[in-house]
Amino acid sequence: MDYEKEFTDVKERIRQYEKWQAHLERIRPDLDEQKQKSKQLKTILQDKQQDVDRLSGLSFSSLLHTVTGRKAEKMDEATALVLKAQLKYEEAEETMTDLHHEIEEIGAHLHGLGNPKADFQRLLDLKKDVLLREKNSALLTLVEASSTTTLYMNEIKEAIEVGKKAKQALENTLFSLNKANDWSTFDLFGGGFLTTAMKHSHIDDAKALIHQVQRHLRQFEEELKDVNQFTSFQIEITGFLTFADYFFDGFIVDWMVHGKIKESYEQAATLLAEVETTLSQLCDIENELHSDLEDIRKQKQAFILNG
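Take any residue in the sequence shown, count from 1 to its spot, add 1244: that is its number in the numbering used here.
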């Protein structure tokens, strides 16, 4: 039997089991919070005599037109309140759908992992036999150090993978917002219907991307919590989960004031910089772990050669 491989495989299954259990424990309160938020926002919209179902799923430009009854470039405070509530309501509803889906996926993951802790206990019993028979505790210590470092590496890689998705989604959002800003500048000089239509098109693209950004940010934050919980490293976690709310607030305020999206763009750009900084930290940790693994490999090789 390859003790090192089996030890690492079982420990990896335990890591996955504990990781998904932790996700499940965090997701359930998140789901309750989104349900409450959705209910409150729907009440606000109904108080404003809005048909919530009719507004749901509209592009920003169509939503603006439906609420105001005209293709407005500016809006009053009452309209702004309705638009903010509708955008946040849709985000909460989409997030609830995501969370329900993730709970189902986690259940499938946990079922597939079986009972790794029982397997680990069996491995510990085997370890005692190996120690008594061969008296090579130093080598076993190196084997287990290699296993632990490999598990840390897996956790870091998973966080990097999700972080890169958040980064790409933010870059796509910034591209759309930047294009909308460019067309807004043309609009100031009387660009006419085509210019306004192009600006709306890019803003609609940005709105459609925001939920994707928020979903990836939420998953990235989950992965960072895993890093902090299941490795010896600590990563500072910023307020990723509130991005959509702040974005929509800034989005509407920008539109009320000058029909541009300066504040929204700056919020997304700031968040992108934070994600990039966190990814850089994770990559540094990954490189450190690579170096540690190589050192352990050399120590094991020397131990075996010097027997």
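Ideal Cβ positions, reconstructed from N, Cα and C, are used throughout, including at glycine. Computed from a predicted structure; not experimentally measured.
query: Cβ-based burial, Asp-1246 [other Cβ within 10 Å; buried from 16]; result: exposed
query: Three-state class that DSSP yields for Ser-1476 in the structure shown; result: coil
query: Cβ pair count under 8 Å reaching 3, the stretch 1269 to 1289 against the stretch 1354 to 1373; result: no
query: Which of helix, strand or coil DSSP assigns to Gly-1358; result: coil
query: Gly-1358 versus Arg-1257 - alpha carbon distance; result: 9 Å
query: Short Cβ contact (8 Å threshold) for Thr-1252 with Thr-1475; result: no
query: Buried or exposed (CB count within 10 angstroms, at least 16 for buried), Asp-1276; result: exposed
query: Presumed contact (8 Å Cβ cut-off) between Val-1406 and Gln-1463, rounded CB distance; result: 5 Å
query: First through last residue of the alpha helix (DSSP H) which encompasses Thr-1482; result: That residue, Thr-1482, is in no alpha helix (DSSP H); it is neither H nor E in DSSP.
query: Exposure label - Ala-1517; buried when at least 16 CB within 10 Å; result: exposed
query: Classification of Ser-1508 by the beta-carbon crowding that lies within 10 angstroms, buried from 16 upward; result: buried
query: 8 Å Cβ cutoff met for Ser-1391 and Leu-1537; result: no
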